[in-house]
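Trainee:
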Amino acid sequence: MGGKAYHLPESLKAQGEASMGEYGMNMETSNQISLDRTIPDLRMEECKYWDYPVDLPKASVILVFHNEGFTSLLRTVHSVINRTPARYLEEVLLVDDFSNKEDLNEKLEDYITRFNGKVRLIRNKEREGLIRTRSRGAKESRGEVIVFLDAHCEVGLNWLPPLLAPIYSDRKIMTVPVIDGIDFQTWEFRSVYEPDHHYRGIFEWGMLYKENELPEKEAKKRKYNSEPYKSPTHAGGLFAMDRAYFLELGGYDPGLLVWGGENFELSFKIWLCGGSIEWVPCSRIGHVYRSFMPYNFGKLADKVKGPLITYNYKRVIETWFDEKHKAYFYTREPLAMFLDMGDISDQVALKNKLKCNDFSWFMKHVAYDVYTKFPELPPNIFWGEAKNQGTNKCLDSMGRSAPAVIGTSYCHGAGSSQLFRLNAQGQIGHGERCVDADKQGVKLIFCRLGTVDGPWRYQNSTRQLEHAVLKRCLSVHPETNQLAMLRCDDNNLYQQWKFKEVRPDWSS
Numbered sequence: 001m002g003g004k005a006y007h008l009p010e011s012l013k014a015q016g017e018a019s020m021g022e023y024g025m026n027m028e029t030s031n032q033i034s035l036d037r038t039i040p041d042l043r044m045e046e047c048k049y050w051d052y053p054v055d056l057p058k059a060s061v062i063l064v065f066h067n068e069g070f071t072s073l074l075r076t077v078h079s080v081i082n083r084t085p086a087r088y089l090e091e092v093l094l095v096d097d098f099s100n101k102e103d104l105n106e107k108l109e110d111y112i113t114r115f116n117g118k119v120r121l122i123r124n125k126e127r128e129g130l131i132r133t134r135s136r137g138a139k140e141s142r143g144e145v146i147v148f149l150d151a152h153c154e155v156g157l158n159w160l161p162p163l164l165a166p167i168y169s170d171r172k173i174m175t176v177p178v179i180d181g182i183d184f185q186t187w188e189f190r191s192v193y194e195p196d197h198h199y200r201g202i203f204e205w206g207m208l209y210k211e212n213e214l215p216e217k218e219a220k221k222r223k224y225n226s227e228p229y230k231s232p233t234h235a236g237g238l239f240a241m242d243r244a245y246f247l248e249l250g251g252y253d254p255g256l257l258v259w260g261g262e263n264f265e266l267s268f269k270i271w272l273c274g275g276s277i278e279w280v281p282c283s284r285i286g287h288v289y290r291s292f293m294p295y296n297f298g299k300l301a302d303k304v305k306g307p308l309i310t311y312n313y314k315r316v317i318e319t320w321f322d323e324k325h326k327a328y329f330y331t332r333e334p335l336a337m338f339l340d341m342g343d344i345s346d347q348v349a350l351k352n353k354l355k356c357n358d359f360s361w362f363m364k365h366v367a368y369d370v371y372t373k374f375p376e377l378p379p380n381i382f383w384g385e386a387k388n389q390g391t392n393k394c395l396d397s398m399g400r401s402a403p404a405v406i407g408t409s410y411c412h413g414a415g416s417s418q419l420f421r422l423n424a425q426g427q428i429g430h431g432e433r434c435v436d437a438d439k440q441g442v443k444l445i446f447c448r449l450g451t452v453d454g455p456w457r458y459q460n461s462t463r464q465l466e467h468a469v470l471k472r473c474l475s476v477h478p479e480t481n482q483l484a485m486l487r488c489d490d491n492n493l494y495q496q497w498k499f500k501e502v503r504p505d506w507s508s
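Note that full-length UniProt numbering numbers the sequence shown so that position 120 is 120, with each residue one more than the last.
Shown next as structure tokens:
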């Protein structure tokens with residue numbers, strides 16, 4: 001069985017570590033592995049017995065890349081060529097988003113000539129970002145169906161026919177494969193899901209992508225466990241669509257910049273405007289989850305005053321959400337209220353032209369399981385920075401990931417690590433995490449799924465934050481300067497917290 005972990009010899013480990021810093025994955029390991037390696041067949045047994053129509057539409061497989069590792073890109077190409085029935089593959093279209101790596105120039109152009117025109121390469125003349133580059137790929141592709149893959153994937157056996165078959169029966173269906181993992185260090189190929197368990201894409205109110213086990217209601221609609229099923233959203237990187245339908249929907253919002261939020265924009269647009277999304281258990285594709293994003297957004301980020309991804313989310317929210325659900329987003333991300341999202345009039349006009357449903361329809365009939373994990377949010381009583389009156393320092397996550405002890409630091413007014421929210425049901429939130437306390441200290445924790453309440457009570461008269469379970473107050477210990485839960489004392493300045501809304505200066 002192929003796809004096993006490869007461990008570099010001692011003589012190559014330094015090069016491997018250097019490549020990790022450059023690419024977010026171990027390219028030295030990739031360089032040592034065959035471009036035509038075998039990988040395990042992770043499909044369910046049922047998948048091996050499905051018959052598909054012989055006249056399925058032909059597909060263009062589109063790979064967008066920017067400074068991708070040479071062998072990780074080519075292994076993606078090789079896997080598509082090797083494991084795709086030739087009758088269904090129109091082309092592999094490589095779209096270069098203004099890379100400056102030397103081996104992605106003439107060396108790449110020379111290499112793909114061996115595929116006798118089956119692999120095409122087009123290049124951007126300036127950096128456009130993933131979203132706009134994908135849109136260009138869709139417009140310049142030749143297949144009836146477009147399949148987007150990331151440039152560091154390996155497709156599984158018979159991966160394409162199961163993605164094409166639902167589109168063959170209904171051109172308004174987007175199909176999404178099951179995504180397996182390829183280790184960024186060892187290139188080991190493995191499933192990230194339990195066998196025979198199905199998941200689908202949802203979201204939380206800060207617009208982070210999440211997955212939920214397939215609800216029984218949806219599972220019962222199928223005769224076989226290997227059949228496709230409906231999903232509210234998708235992760236964004238890997239999917240298939242009828243090319244003409246993608247363009248009829250306007251493709252991606254051209255106002256979205258670089259990367260982030262485009263998966264939700266397309267998901268909402270499809271569902272609300274007459275289409276649907278199906279996850280396809282019999283199509284398996286491996287994907288390298290990089291250790292970090294190995295490049296910045298360059299000059300594209302200069303077009304936005306504030307966080308670029310939040311800018312994208314706000315465009316999506318203001319176009320597709322109703323007022324009720326917009327409020328949940330701004331409760332979770334209050335600084336987004338002050339972010340300029342640009343002009344969305346074209347997107348709203350498209351929504352009206354296509355006579356799309358409203359968002360409440362989507363939440364009731366399609367994404368009803370979002371509420372199970374992420375209930376409707378109560379309003380914030382306070383949000384912003386919480387300044388301790390004894391030390392004049394602010395509550396701070398210290399940049400740590402949950403679960404972790406938090407502390408205080410000098411107030412900087414920029415939000416980020418010092419942005420906290422206290423809601424009407426006693427929950428202190430920080431991003432998607434929560435604040436709680438025990439005998440070991442005050443901690444950033446994973447919020448309990450399906451709940452929006454918490455133990456904190458703010459006394460306006462004394463400015464104390466009391467923990468309803470511990471019956472103690474959030475304090476800065478005057479000797480250690482650490483956060484502590486101490487007996488409540490109305491006169492203790494180290495227990496007094498003043499909340500202040502922050503307005504980051506994004507103009508500079």
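For glycine and all other residues, C-beta sits at the position ideal for the given N, C-alpha and C.
Since the structure is predicted, the reported quantities are computational estimates derived from the model, not experimental observations.
1. Can you grab the Cα-Cα spacing for the pair residue 358 / residue 234, in whole Å?
2. Is there contact here, the region 275-282 with the region 220-234, by at least three beta-carbon pairs under 8 Å?
3. Taking the straight line between their C-alpha atoms, what separation do you get for residue 183 and residue 21?
4. Three or more C-beta pairs under 8 Å: does that hold for the region 21-39 against the region 110-121?
5. Could you spell out the range, first to last residue, of the alpha helix (DSSP H) harbouring residue 453?
6. Using DSSP bridges, identify the partner residues of residue 287.
7. Taking buried to mean at least 16 other C-beta atoms within 10 Å of its own C-beta, is residue 134 buried or exposed?
8. Can you tell me which of the three DSSP states residue 434 falls into?
9. Which full runs of the alpha helix (DSSP H) of 4+ residues lie inside the region 370-422, going along the chain?
10. Mapping DSSP to helix, strand and coil, what is residue 59?
11. Do residue 69 and residue 19 count as a contact pair if the criterion is CB distance below 9 Å?
12. Flag this pair as yes or no: are the beta carbons of residue 387 and residue 497 separated by less than 9 Å?
13. Between which two residues does the beta strand (DSSP E) holding residue 497 run?
14. Identify the residues that DSSP records as bridge partners of residue 91: which are they?
15. For residue 174, which residues from the same chain have a beta carbon less than 6 Å from its beta carbon, with the 5 sequence-adjacent residues on both sides left out?
16. Name the one or two DSSP bridge partners that residue 328 has.
17. Thinking just about the alpha-carbon of each residue, which of 416, 403, 262 and 400 is nearest to the one in residue 309?
18. Would you kindly work out how many angstroms separate the C-alpha atoms of residue 450 and residue 213, rounded to a whole number?
19. Does the region 75-83 come close enough to the region 98-106 that 3 or more CB-CB pairs lie under 8 Å?
20. Assign residue 361 to one of two classes, buried (16 or more other C-beta atoms within 10 Å of its C-beta) or exposed (fewer than that).
21. Check residue 82 in the structure and name its three-state DSSP category.
22. When burial is assigned at 16 or more other CB atoms within 10 Å of the CB, is residue 2 buried or exposed?
23. Can you list, in chain order, the residues of its chain with a C-beta nearer than 8 Å to that of residue 111? Leave out the 5 residues immediately preceding and following it.
24. Could you pull out every residue in the same chain whose Cβ sits closer than 6 Å to the Cβ of residue 462, ignoring the five residues on either side in sequence?
25. To the nearest angstrom, how far is the alpha carbon of residue 99 from that of residue 292?
26. Which term fits residue 86, buried or exposed, when burial requires 16 or more other beta carbons within 10 angstroms of its beta carbon?
27. Helix, strand or coil for residue 444, going by three-state DSSP, please let me know.
28. Taking the C-alpha atoms as reference points, what is the distance between residue 132 and residue 370?
29. Could you check how far apart the C-beta atoms of residue 283 and residue 177 are, in whole angstroms? I think they sit under 8 Å.
30. Is residue 475 helix, strand or coil when you go by DSSP?
31. Give me the residue from 5, 437 and 460 with the minimum Cα distance to residue 454.
32. Cβ atoms of residue 255 and residue 347: under 9 Å apart, would you say?
33. Which residues mark the beginning and the end of the alpha helix (DSSP H) in which residue 23 is found?
34. Roughly how many whole angstroms lie between the Cα atoms of residue 344 and residue 414?
35. For residue 236 and residue 483, what's the separation of their Cα atoms in angstroms?
36. Output the distance between the C-alpha atoms of residue 123 and residue 425, rounded to the nearest integer angstrom.
Mentor: Concretely, from the data shown:
1. Note on geometry: alpha-carbon atoms of residue 358 and residue 234 lie some 20 Å from one another.
2. Contact holds between the region 275-282 and the region 220-234, because three or more Cβ pairs, one in each stretch, are under 8 Å apart.
3. Near 15 Å, if we compare the C-alpha coordinates of residue 21 and residue 183.
4. Counting Cβ pairs under 8 Å, fewer than three are found: no touch.
5. For residue 453, there is no enclosing alpha helix (DSSP H), as DSSP marks it with neither H nor E.
6. Beta bridge pairing from DSSP links residue 287 with 153 and 181.
7. Here residue 134 is buried, its C-beta having at least 16 other C-beta atoms within 10 Å.
8. Strand.
9. 370-373, all fully within the region 370-422.
10. In this structure, residue 59 counts as strand in the three-state DSSP scheme.
11. In this structure, residue 19 places its C-beta atom within 9 Å of the C-beta atom of residue 69.
12. Cβ atoms of residue 387 and residue 497: closer than 9 Å.
13. Boundaries of the beta strand (DSSP E) harbouring residue 497: 497-500, taken from the DSSP string.
14. Checking the DSSP bridge columns, you'll see residue 91 partnered with 60.
15. For residue 174, where only same-chain residues beyond five positions count, the Cβ hits under 6 Å are 239, 241, 270 and 277.
16. Looking at the DSSP assignment, residue 328 forms no beta bridge with any residue, so it has no partner.
17. The residue from 416, 403, 262 and 400 with its alpha-carbon nearest to that of residue 309 is 262.
18. If you take the alpha carbons of residue 450 and residue 213, they lie about 14 Å apart.
19. No contact exists between the region 98-106 and the region 75-83.
20. Residue 361 comes out exposed.
21. Three-state DSSP puts residue 82 in a helix.
22. Classified as exposed, residue 2 has fewer than 16 neighbouring CB atoms from the shown chains inside 10 Å of its CB.
23. Here the set comprises 74.
24. Hits under 6 Å: 490.
25. Computed Cα separation, rounded: 18 Å.
26. Result: exposed.
27. Residue 444: strand per DSSP, three-state reduction.
28. Cα to Cα, the separation comes out at about 29 Å.
29. Their Cβ separation, rounded to whole angstroms, is 4 Å, which keeps residue 283 and residue 177 in contact under 8 Å.
30. It is a strand residue.
31. Of the candidates 5, 437 and 460, the one whose C-alpha sits nearest the C-alpha of residue 454 is 437.
32. Yes; because the gap between Cβ atoms is below 9 Å, this pair is in contact.
33. Annotation for residue 23: the continuous alpha helix (DSSP H) segment containing it runs 13-23.
34. Looking at the two C-alpha atoms, the distance is approximately 27 Å.
35. For residue 236 and residue 483, the distance between alpha carbons rounds to 40 Å.
36. Distance between the alpha carbons of residue 123 and residue 425: 53 Å.
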